[in-house]
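Protein chains in written order, with the numbering used here: chain A, 1 to 392; chain B, 1 to 391. Accompanying notes for the structure given below.
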Amino acid sequence: MLKLNRREWLAAAVAPAMAAVKPVKITGLEFYDADIPTPKDQLEVGVQGRYTVVEVQTDAGVTGYSFAGYPAAQAPALRRIIVGQDLYAVEDHVRNGLLKFAGVEHAIWDAIGRIARQPVYKLLGGASNRVRAYLTCVWKGKLDQSHVPYGDQADMAVRIQKAGFKGMKIRAWRPNALDDVDACNEIRAATGPDFDIMFDRTAHAPEAVGQKIWDYETGWKVARGLEKHRALWLEEPFARDDYRTPGRLAAAVDILITGGEGFLGIEGFHQSLQHRTYDVLQPEGERSGGILLCRKVAMLAEARNVPVILHGTMALRLAGWLTASFAIGSEWQEVALLTPPLLPQQQWAPGLKLLRSKEMYRIEDGHFVASDLPGLGLDVNPDALREYRVPS
Amino acid sequence: MSISRRTLLAAPVTALAAQNRVRITGVESFTVRLPAPGTPSPDVQRAYPVTRVHTDAGVTGTSFIACPQEILRSWVVPTLVGDDLFAVDRHLRRLQMERGESGVQIWSGVEHAMWDAIGRLAGRPVAQLLGGVRDRLRVYRTCVFPGKQDQSDVPYETQAAYAVKLRNAGYHAMKIRAWRPRPMDDADAVGVIRRAVGPAFKIMLDRTAVRPGWVWDYPTALKVCRGLERHNAYWLEEPFDGNDLESPARLAAEVDISITGGELGKTPFHFNNFLKNKTYDIIQPDTRICGGIWPAKKISVLAESYGVPCIQHGNSGLALAGYIQAGCAMTNCEWQEIIGGPNLPDEQWAPALKLLKRPPWRIENGYILLPDLPGLGLDLNEDAIKEYRRA
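Below you can see the structure in the form of structure tokens.
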């Protein structure tokens, strides 16, 4: 056993010591909506007035926020999982049930960052402090966008380009699959070569409009067509649980084949890396399991030299997604879904009322620039949350 | 910035303050040499390398892992001084690109010190910032006995007596070398140890064949494993060449004891090759050799996706500080190796107490506890570091 002589013992006992770190416990969790009065005509064109709020309260006197919220009725079950627990045990919280409620994990990270007085992306590797934005546009009307003239899509691309953004994604859902290739042609002609165009088939989603998952031949034809007009990627051309066909297509064509937003937890990403399913992995900031999960997916992908680009979201929710993107050093961050002809700052303008800052995110030359504020980087105004809170 | 009392009172208490980027202002690496109390013993460590990262936030990060002066002067200082302390991943990738694996392997002292500074600035243990999985790690003691390197002059009974000493002090496991010239002798040693220590204590064997000249042929390894199995050993480490991905996999599939390895792996690619080829039942990255705490966490996550435990290779003395933070942030790391012997761990690091204001770790029931201090958790005595500093 360890022996100290008397002098050493006394010296150790009287030396002023570093203060011990106090444990931080989660004391409360709340879900509610904040509704910012917005003119009806604005709401009709797609401006976002309503926000879901997550508050994670701690015994350190700090509250963490996220805007990836859930119905208030879900809160009691989640409280049983996290209230009374160590704030920092994020891996445990995720395993115990937050995997499916990652908006709460976002708020926990916000609290961790606020207590540390540091932006969370810096605590998770801090790979970058800028990420290029691309805007995913879905026009009001038919889900398959068959009513949208190619010219409107080209006009929106030019509008986005003029606002400084570097890329746009649209659906590849038109009933005649090659029509989307023609749309790409028209967009490319309008934007010129220095703009990226992405297409999203969204796997099973077109079943909602009576379509089937593409067969390989269709996927191949569309991919070759898009390639010709120098589109950047084709997203989820086949089923989400099909690890082989996307990889077959990726090996056959030059355009990038991407996917991954449908996976929950680490296993689907592991399998798609093992099968070389996708050229780029796209974990979802909330639905895939959270900020830490996205960071971990990037660790798996790094060992195979596969890029990770997060699936996106909109407005105040985006703070958690951006945190993961900065931590990973991703090339792009999606902003979705944008309702043309709105630009992001127009669509999320009412959300500013919930902040103390003049802007939600700093956007420079089409890039999000990381905030130096602690936590997820939003200067949330608790007074405004109280003012706009919707009584449940 | 000066704030009048009135302004200060008017500011809402919860208002967020923007953080100025914390910049690295200097990096240095030197040695401290300590007087050792009592009789000299081979594993009582008197000299420690110290690597320090200074910042413009007034906080200094410290690790007890060396960084060679050559890379310090030619890469670390010119690249990192003036840059962001927190951008560990960016710095690591740049190092990988500009200096390759060998650079990654030797800069770890700097990486650990950066995390110490980050944790001190955040006011939290580093493990908590990386997902906070556990607050203690079960210790296994690797004992290299005084005498010949291959331990052929060490009586089995000496090894057995040490196992009993460990068990009586609350420890759960011991690892010894499997280097004796006649391979089955080590299996016999395990038999003697097992009889002395009882059934619950874990015994591991390390062939260390990642170093050239130590590679067994497959039949020898199989025979040793069967012998070890009979005495209920836990694992056999690195029976084959470190670049041989297939022989360990073949052995692991054939025998019941675990086959482990990977301590010399440096990049995530190395570990993905081990994992994809099912080379080892347990992978053992070394947070000094693989480039630091952050890359060790990456490797652990990779192993997690394959469902493989990641039990870190160890170290001795104060260098362990970063290992313990990394291990406590891993979902699949149950043990921490502490290398030394034939003393107990806390005897081994006794001289280092002069560098600290309190003992570095508490060991309870064979578990080493994550310190409840910020950063890497060492409460440094700055005066002592000055006093004992050598070149």
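A virtual CB, placed ideally from N, CA and C, is assigned to each residue, including glycine. In this text the structure is predicted, and so the values were computed from the model without any measurement.
Linking S325 of chain A to R317 of chain A through their CA atoms gives a straight-line distance of about 14 Å. Neighbours of W216 of chain B across chain A, judged by C-beta separation under 8 Å, do not exist; the nearest C-beta is about 29 Å away.
Contact residues of the segment 254–288 of chain B toward chain A are P268, F269, F271, N272 (C-beta to C-beta distance below 7 Å). Of all C-beta pairs linking the segment 136–148 of chain B to the segment 335–349 of chain B, three or more are shorter than 8 Å, placing the two stretches in contact.
Residue pairing for Q45 of chain B: DSSP places it in no beta bridge. Looking at A:G61, A:F31, A:Q57, A:R171, the one whose alpha-carbon comes closest to that of V209 of chain A is A:R171. Interface annotation for the segment 260–281 of chain A against chain B: I266, H270, criterion Cβ-Cβ distance under 7 Å. Taking CB atoms only, L222 of chain B has no neighbour in chain A less than 7 Å away. With a threshold of 7 Å between beta carbons, T331 of chain B makes contact with chain A. Under DSSP, M174 of chain B shares a beta bridge with B:R141, B:I203. The Cβ of D110 of chain A sits no closer than 7 Å to any Cβ of chain B. At least one CB of chain B lies nearer than 7 Å to the CB of D379 of chain A. Taking the C-beta atoms as reference points, S74 of chain B is found no nearer than 7 Å to G109 of chain B. Taking all protein chains in view, the Cβ of D217 of chain B is surrounded by fewer than 16 other Cβ atoms within 10 Å, so the residue is classified as exposed. Contacts between S305 of chain B and chain A, judged by CB atoms closer than 7 Å, involve I266, H270, L300 in chain order. Counting other Cβ atoms within 10 Å of its Cβ, H147 of chain A stays below 16 and is therefore classed as exposed.
In this structure, A:S128 is the residue among A:I81, A:S128, A:I115 with its C-alpha nearest to the C-alpha of V369 of chain A. What S128 of chain A touches in chain B, judged by beta-carbon distance under 9 Å, is A87, D89, R90, going in chain order. If you draw a straight line from the Cα of A298 of chain A to the Cα of I328 of chain A, it is about 7 Å long. Between M18 of chain A and chain B, the shortest Cβ-Cβ separation is below 7 Å. Between the alpha carbons of D200 of chain A and R276 of chain A lies a gap of roughly 19 Å.
Three or more beta-carbon pairs separated by less than 8 Å are not found between the segment 250–268 of chain B and the segment 254–268 of chain A, which leaves the two stretches without contact. For K297 of chain B, the number of other beta carbons within 10 angstroms of its own is at least 16, and it is reported as buried. The beta-carbon of Q336 of chain B is placed no less than 7 Å from the nearest beta-carbon of chain A. Assigned with DSSP and collapsed to three states, R159 of chain A falls in helix.
A:A231 is the residue among A:G113, A:Y216, A:A231 whose C-alpha sits nearest the C-alpha of N185 of chain A. G123, R124, P125, Q128, L129, G131, G132, V133: these are the residues of the segment 123–137 of chain B whose beta carbon lies less than 7 Å from some beta carbon of chain A, given in chain order.
DSSP places H367 of chain A inside the beta strand (DSSP E), whose first and last residues are 367–369.
The shortest C-alpha to C-alpha distance from G377 of chain A to any of A:E364, A:L355, A:D365 is the one to A:L355. The contact set of P374 of chain A on chain B, defined by CB atoms closer than 9 Å, consists of L16, A17, A18, Q19 in chain order. Closest by C-alpha distance to V306 of chain A, out of A:G265, A:G285, A:Q274, is A:Q274. Taking a C-beta distance under 7 Å as the contact criterion, Q153 of chain A and I187 of chain A qualify as a contact pair. Scanning chain A for C-beta atoms nearer than 9 Å to the C-beta of D84 of chain B yields K122, G126, N129, reported in chain order. Cβ-Cβ separation between W233 of chain A and P206 of chain A: approximately 18 Å, too far for a contact (criterion under 8 Å).
Among the residues facing chain A, K386 of chain B is not included, as its CB has no counterpart in that chain under 7 Å away.
At a cut-off of 3 residues, the continuous stretches assigned as beta strand (DSSP E) that sit fully inside the segment 10–52 of chain A are 26–35.
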